[in-house]
Amino acid sequence: MTLTDVGILIFDGVEVLHFCGPFEVFSLASKPGDADRYPDNALFKVHTVAENAAPIKTVGGMEVVPSCSIADHPPFAILVVPGGFGTRAIYREKPDVLDWIARQAERGVITTSVCTGASLLAKAGLLRGKRATTHWASIDRLRELHPEITVLDDLRIVDEGAVVTSAGVSAGIDMALHIVARLHGAEAAVKTARDMEYRWEPGEWSS
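In terms of this note's numbering, the sequence shown opens at residue 2 and continues consecutively.
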């Protein structure tokens, strides 16, 4: 089976669950009813990608070595942009990272965000004229900085096709399960959630 490559952006000041939650979902997702067993029936190959090859330090101090950089990575089908305090530096000071995010979308990559990762998608121009969401504490700020976006505060996931945003922290798990269901069917997502011992309501938060 050909695996779908998923890139998860990591950076100094990223929140751990923002990227580890989707990482767990995509790395564990497998084809239901297949005679083979995990990992032989896995659906995705997950990569952590950073500005360069140097280790990054998360919120809380965990050090993570990225598996690739924005200059050297396989072609992704899905990109996850997490949030955390580190998004502020990228938003203000790292146009190279923002340009890279924009180029992924231009190439047809399904581009997703968790929490304040939505601000980076907005800065990269991917949310213009679209609906989006973010962490509840950042809703007003996103509205203020980007009036061109319809920012929703009553949905956990907002699916605009090529771009999918999610609310804060644990909502990234729901977003990743939503993508699994969208690409491989609800049965695959339900199986993944059950394997994770995660309580997931497929129709409750997505649109």
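We put the CB at the ideal spot given by N, CA and C, even for glycine.
Quick caveat, the model's predicted, so the values are computed rather than measured.
query	result
Contacting residues, own chain, Cβ-Cβ under 6 Å from Pro-75 (five flanking each side not counted)	Asp-6
Residue from Cys-69, Phe-27, Ile-11 and Arg-132 whose Cα sits closest to the Cα of Ala-58	Before going further, note that residue 58 is Lys rather than Ala in the sequence given. Answer by Cα proximity: Ile-11.
Backbone CA spacing between Met-176 and Arg-104 [nearest angstrom]	22 Å
Alpha-carbon to alpha-carbon, Thr-88 and Gly-14	7 Å
Three-state class that DSSP yields for Ser-114 in the structure shown	strand
Which of helix, strand or coil DSSP assigns to Leu-99	helix
The segment 117-124 / the segment 37-48 touching (three or more Cβ pairs under 8 Å)	no
CB of His-19 within 7 Å of CB of Pro-83, strictly	yes
Paired residues, beta bridge with Cys-69 - DSSP	Val-50
Sheet register partners of Leu-80 (DSSP bridge)	Gly-8 and Thr-112
Per-residue DSSP class, three states only, for Asp-217	Residue 217 lies beyond the residue range present for the chain, which begins at 2 and ends at 208; the question has no answer from this structure.
Validate contact between the segment 173-187 and the segment 105-115 using beta carbons, cut 8 Å, 3 pairs	yes
Terminal residues of the alpha helix (DSSP H) in which Phe-86 lies	Counting along the chain, Phe-86 falls outside any alpha helix (DSSP H), and DSSP gives it neither H nor E.
Close Cβ partners of Arg-86 (< 7 Å) along its chain, the five nearest in sequence each way excluded	According to the sequence shown, residue 86 is Phe rather than Arg. For Phe-86, where only same-chain residues beyond five positions count, the Cβ hits under 7 Å are Gly-14 and Val-60.
Those runs of the alpha helix (DSSP H) which lie wholly inside the segment 160-197 and span at least 4 residues	172-185 and 187-196
As assigned by DSSP and simplified to three states, the class of Ala-138	helix
CB of Ile-140 within 7 Å of CB of Asp-160, strictly	no
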